[in-house]
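Student: Residue numbers (full-length UniProt numbering), protein chains in the order written: chain C, 1 to 390; chain Z, 1 to 390. Yeah, the Cβ is synthetic: ideal placement off N, Cα and C, and Gly gets one too. Handing you this structure, nothing more for now.
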């Protein structure tokens, strides 16, 4: 979704960042997953900005969404000069201030941006895992992040921060490792997918699996299921926007012509935009990774896994200060879902700040430069005095 | 969408109906379309219920939606005993009373349910048209319906009634043949698709066109693009429901198991439902027809074609009494779009009734048995005294 980010943001960049990676769970110490399967070795790609202070109290873990990566801010030291996906938010003097905080962001387990996922080589066969890769959960992603933090010497987190699927990871962190997490920022997210959100993910998966090039996940030495993945991405893109944002951005404007084509070319700008987004996505993302990550998001159910069906019970072990932010036009994870988690947190006596931001841009709003959002983030993190909350 | 209809409705059925068809525009009298192309012969499949009175003042034309057909009410005289798609609304004593009205419903031009469309044989080649079928418009569909009414001896319409794409046809009727249309009922529809609605249609089309079996529309003697069409239908189904209806109907309930499968089977009931709807659709509908009808819906733009961009100007020739009905949870054609058309009608001094029905079931609500909707329909049609309105 980084294509939306304009770079007119406040503050200065974190500058050049290094791609780094940690490999762990080397045989025979395989990582055991929620499904019961084991994998290893596991590589987690990550990047850091700022410095961990001597007391180890200033670490911030940023969790990316579905198709994101570890490159959260700054530009790479090698030829790629594209700023990170949250560059407007992360940097010296920005909402997440790298002068004050040691920022860590890693690519999630199951992805394809440097961390181990279905496109990685299965050591048992010497070939890419494909569908032999076990179905991972948000909990598995978080367990892998914990291993990374252990490696970095981080044993407490000033904050875990994420939007969308990243917010699910932040939620999981807050209840899975409650003593490590001092505060959690949950943007445009939910404790569990609605039937509507599952439906969109399922149709996107069906689109990939309908592509004969998908070949039951075994396509790494042949044609890739680009057409199916492109349609899946287009479906996603619609859900990231909103009726209003699409009206403002595209309306019924035609693409380079004064009248209809009377064929099946892209007549409208919105059609052309979606086709472009679909085409662009297949160059950078793996179709199987899309299947695995959307499945993990659909499986995520804080109530089920931590509260036996109850949201209140799910937060009973949490100790973090919470900031929950929703966006008015986000119909993928509407405000009522954020309100429900806030209510459950409050019933546990937790310190919760909630903010619904008036925004036209739908679910994507958390990725768009916003002084309001940066200000709220800064204020919340400044309020964190580094002491346990109770 | 007829799979939603329960048959606990009031009134009695219209009984057995005959499939009928009219073929016109035989060479050399081809039908000229909005795109400039000509086709012929054109067959329009239709059904009628009730009788045209001697004065010819009681005819009602019902217009079906995207995947509908002419079989609006009653059961066929042959083996198929499935009631018509609007059987709860159309029959003796029902909302559209066949004791009083002569009801006509025909399959739209470009469809595949008996009327001429891309799956029909092109007389020029002796093979199915495929993509050689010209891109038709809502206006072309209405022009074909006009030919059918001429054939039936109907020269005035007590009412044109349609929902969704059927509502677009009713709108087109009201401004294209204003002297023929005494009243128009517009359910869950719009004067022009929003960017969001176009986006969903485009992704569905891309899904069909991504299927290699689609073969540029030339698949009638081989494997059909069933997988692509199924995904297209699934996308449609999501848009016909609502967040709330999906939560009530499915929630996060699992399909026949107590835990996740940890594979890519359908875990959730909503996934299973969508897969079923997709599979079922391909048995009855033609993929090319889906492309053509969605394109016609996207092209429909009453403001552009009748008002030079102005909704007020577009209705300046209309003479009908209007009933506009929207449904609270319809996010495909939200109430604000109905309000906009009502406003434009009122600025022309037209007699307009508007009703927003509180409904959980999203866009599909107009197809679901509802005493409220039947009552509103009956009341509106009763108020039509058969005299011109001005």
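If you measure from the beta carbon of residue 274 of chain Z to each beta carbon in chain C, is any gap under 7 Å?
Tutor: The residue you call residue 274 of chain Z lines up with position 274 of the second chain. Yes - at least one Cβ of chain C is within 7 Å of the one on residue 274 of chain Z.
Student: I need the DSSP call for residue 198 of chain Z, collapsed to helix, strand or coil.
Tutor: What you label residue 198 of chain Z is simply residue 198 of the second chain in a count that begins at 1. It is helical.
Student: Can you tell me where the alpha helix (DSSP H) with residue 371 of chain Z in it begins and where it stops?
Tutor: Here residue 371 of chain Z is taken as the residue at index 371 of the second chain, counted from 1. First-last of the alpha helix (DSSP H) with residue 371 of chain Z: 371-382.
Student: For residue 1 of chain Z, which of helix, strand or coil comes out of DSSP?
Tutor: Along the second chain, read from residue 1 onward, the residue named residue 1 of chain Z stands at position 1. Here the model assigns residue 1 of chain Z a pLDDT of 32, short of 50, so the residue's position is not dependable, and the following value carries that caveat. Note: residue 1 of chain Z maps to coil in three-state DSSP.
Student: Say whether chain C places a C-beta atom closer than 7 Å to the C-beta of residue 4 of chain Z.
Tutor: Within the second chain, the letter at position 4 stands for residue 4 of chain Z. In this predicted model, residue 4 of chain Z has a pLDDT of only 36, less than 50, meaning its place in the structure is not dependable enough to derive any value.
Student: Mark residue 82 of chain C as exposed unless 16 or more other C-beta atoms lie within 10 angstroms of its C-beta, in which case mark it buried.
Tutor: By 1-based counting over the first chain, the position of residue 82 of chain C is 82. Exposed, since its Cβ has fewer than 16 Cβ neighbours within 10 Å.
Student: Let me make sure I understand the geometry here. Which of C/361, C/278, C/209 has the alpha-carbon closest to that of residue 292 of chain C?
Tutor: By 1-based counting over the first chain, the position of residue 292 of chain C is 292. Closest by alpha carbon: C/209.
Student: If we cut at 7 Å on Cβ distances, does residue 247 of chain C have a partner in chain Z?
Tutor: Within the first chain, numbered from 1, the residue matching residue 247 of chain C stands at position 247. Yes, residue 247 of chain C lies at the interface with chain Z (some Cβ there is under 7 Å from its Cβ).
Student: Against residue 228 of chain Z, what residues of chain C qualify as contacts under a CB-to-CB distance less than 7 Å, listed in chain order?
Tutor: Translated into positions along the second chain, residue 228 of chain Z becomes position 228. Residues of chain C passing the Cβ test: 210.
Student: Could you tell me if residue 42 of chain C is buried or exposed, where buried requires 16 or more neighbouring beta carbons within 10 angstroms of its beta carbon?
Tutor: As a working note, residue 42 of chain C is residue 42 in the first chain. Flag for residue 42 of chain C reads buried.
Student: Considering only residues of the region 285-324 of chain C, which uninterrupted beta strand (DSSP E) runs meet the minimum length of 3 residues and lie entirely inside it, listed in chain order?
Tutor: List check, beta strand (DSSP E) in window: nothing returned.
Student: Secondary structure at residue 13 of chain C, three-state DSSP: helix, strand or coil?
Tutor: Start at 1 with the first residue of the first chain, and residue 13 of chain C comes out as number 13. Residue state, collapsed to three classes: coil.
Student: Within 7 Å (strictly less), CB to CB, does residue 223 of chain Z reach chain C?
Tutor: Locating residue 223 of chain Z in the second chain gives position 223, where the first residue counts as 1. By this cut-off, residue 223 of chain Z is not an interface position.
Student: Just list the alpha helix (DSSP H) runs in the region 75-156 of chain C, keeping only unbroken ones of 4 residues or longer that don't cross its boundaries, in chain order.
Tutor: Listed in chain order, the complete alpha helix (DSSP H) runs (minimum 4 residues) inside the region 75-156 of chain C are 138-152.
Student: I need the DSSP call for residue 183 of chain C, collapsed to helix, strand or coil.
Tutor: As a first step, residue 183 of chain C is located in the first chain; it is residue number 183 there, counting from the start. Note: residue 183 of chain C maps to strand in three-state DSSP.
Student: If we ignore side chains and look at the alpha-carbon of each, how far apart do residue 137 of chain C and residue 263 of chain Z end up?
Tutor: To locate residue 137 of chain C, count along the first chain from 1; it is residue 137. To locate residue 263 of chain Z, count along the second chain from 1; it is residue 263. Going from the Cα of residue 137 of chain C to the Cα of residue 263 of chain Z covers about 12 Å.
Student: Using a Cβ-Cβ distance cut-off of 7 Å, determine whether residue 236 of chain C contacts chain Z.
Tutor: Walking along the first chain from the start, residue 236 of chain C turns up at place 236. Not an interface residue.
Student: Mark residue 295 of chain Z as exposed unless 16 or more other C-beta atoms lie within 10 angstroms of its C-beta, in which case mark it buried.
Tutor: Position 295 of the second chain holds residue 295 of chain Z. Counting Cβ neighbours within 10 Å, residue 295 of chain Z comes out buried, since at least 16 surround it.
Student: Less than 6 Å between C-beta atoms, sequence neighbours within five positions excluded: which residues of the same chain meet that for residue 323 of chain Z?
Tutor: Working through the second chain from its first residue, we reach residue 323 of chain Z at position 323. Taken in chain order, the residues that qualify are 185, 353, 380.
Student: To the nearest angstrom, how far is the alpha carbon of residue 233 of chain Z from that of residue 24 of chain Z?
Tutor: Locating residue 233 of chain Z in the second chain gives position 233, where the first residue counts as 1. Locating residue 24 of chain Z in the second chain gives position 24, where the first residue counts as 1. Distance between the alpha carbons of residue 233 of chain Z and residue 24 of chain Z is about 32 Å.
Student: Residue 348 of chain Z and residue 316 of chain Z look like a contact to me (Cβ under 8 Å); what is the Cβ gap, rounded to whole Å?
Tutor: Here residue 348 of chain Z refers to the residue found at position 348 when the second chain is read from its first residue. Here residue 316 of chain Z refers to the residue found at position 316 when the second chain is read from its first residue. About 6 Å; that satisfies the 8 Å criterion.
Student: Measure from the C-beta of residue 67 of chain C to each C-beta in chain Z and report whether the shortest distance is under 7 Å.
Tutor: The residue labelled residue 67 of chain C in the question sits at position 67 within the first chain. So, not an interface residue.
Student: What separation, rounded to the nearest whole angstrom, lies between the Cα atoms of residue 166 of chain Z and residue 90 of chain Z?
Tutor: By one-based count along the second chain, residue 166 of chain Z stands at place 166. By one-based count along the second chain, residue 90 of chain Z stands at place 90. Distance between the alpha carbons of residue 166 of chain Z and residue 90 of chain Z: 15 Å.
Student: What are the boundary residues of the alpha helix (DSSP H) that includes residue 175 of chain Z?
Tutor: Here residue 175 of chain Z refers to the residue found at position 175 when the second chain is read from its first residue. From DSSP, the alpha helix (DSSP H) with residue 175 of chain Z extends over 165-176.
Student: When the Cβ atoms of the region 85-99 of chain C are set against those of the region 129-147 of chain C, are three or more pairs found closer than 8 Å?
Tutor: Contact fails: fewer than three Cβ-Cβ distances are below 8 Å.
Student: Are there three or more Cβ pairs, one per stretch, closer than 8 Å when the region 195-214 of chain Z is compared with the region 215-232 of chain C?
Tutor: Judged by Cβ distances under 8 Å, the region 195-214 of chain Z makes contact with the region 215-232 of chain C, as three or more pairs qualify.
Student: Taking DSSP as the reference, what is the three-state secondary structure of residue 272 of chain Z?
Tutor: Counted from its first residue, the second chain places residue 272 of chain Z at position 272. If DSSP states are grouped into helix, strand and coil, residue 272 of chain Z belongs with the helices.
Student: Is DSSP giving residue 162 of chain Z helix, strand or coil here?
Tutor: Counting from 1 along the second chain, the entry for residue 162 of chain Z is found at position 162. Residue 162 of chain Z falls in the strand class under three-state DSSP.
Student: Return the bridge partner residues of residue 48 of chain Z from the DSSP annotation.
Tutor: Reading the second chain from its first residue, position 48 is the one you call residue 48 of chain Z. Answer by DSSP bridge pairing, in chain order: Z/104.
Student: Does residue 243 of chain C come within less than 7 Å of chain Z when only Cβ atoms are used?
Tutor: Position 243 of the first chain, counting from 1, holds the residue named residue 243 of chain C. Taking Cβ atoms only, chain Z reaches closer than 7 Å to residue 243 of chain C, which makes this a yes.
Student: Quick one: which residues of the region 180-199 of chain Z get their C-beta closer than 8 Å to a C-beta of chain C? List them in chain order.
Tutor: Listed by position along the chain: 192, 193, 194, 195, 196, 198, 199.
Student: Could you tell me the distance, in whole angstroms, from the CA atom of residue 239 of chain Z to the CA atom of residue 341 of chain C?
Tutor: Here residue 239 of chain Z corresponds to residue number 239 of the second chain, with the count starting at 1. Here residue 341 of chain C corresponds to residue number 341 of the first chain, with the count starting at 1. C-alpha separation (whole angstroms): 27 Å.
Student: Three Cβ pairs or more, each shorter than 8 Å: is that satisfied between the region 68-80 of chain Z and the region 148-157 of chain Z?
Tutor: The region 68-80 of chain Z, when compared against the region 148-157 of chain Z, does not touch it at the 8 Å Cβ threshold.
Student: Using CA coordinates, which residue listed in Z/52, Z/319, Z/236 is at the minimum distance from residue 101 of chain Z?
Tutor: Here residue 101 of chain Z refers to the residue found at position 101 of the second chain. Among Z/52, Z/319, Z/236, the Cα nearest to that of residue 101 of chain Z belongs to Z/52.
Student: In the structure shown, what three-state DSSP assignment does residue 388 of chain C receive?
Tutor: Position 388 of the first chain, counted from the start, is the residue given in the question as residue 388 of chain C. A caution first: residue 388 of chain C carries a pLDDT of 41, below 50, which makes its placement in the model too unreliable to give a value.
Student: Classify residue 336 of chain Z: buried if its beta carbon has 16 or more other beta carbons within 10 angstroms, exposed otherwise.
Tutor: The residue you call residue 336 of chain Z lines up with position 336 of the second chain. So residue 336 of chain Z ends up on the exposed side.
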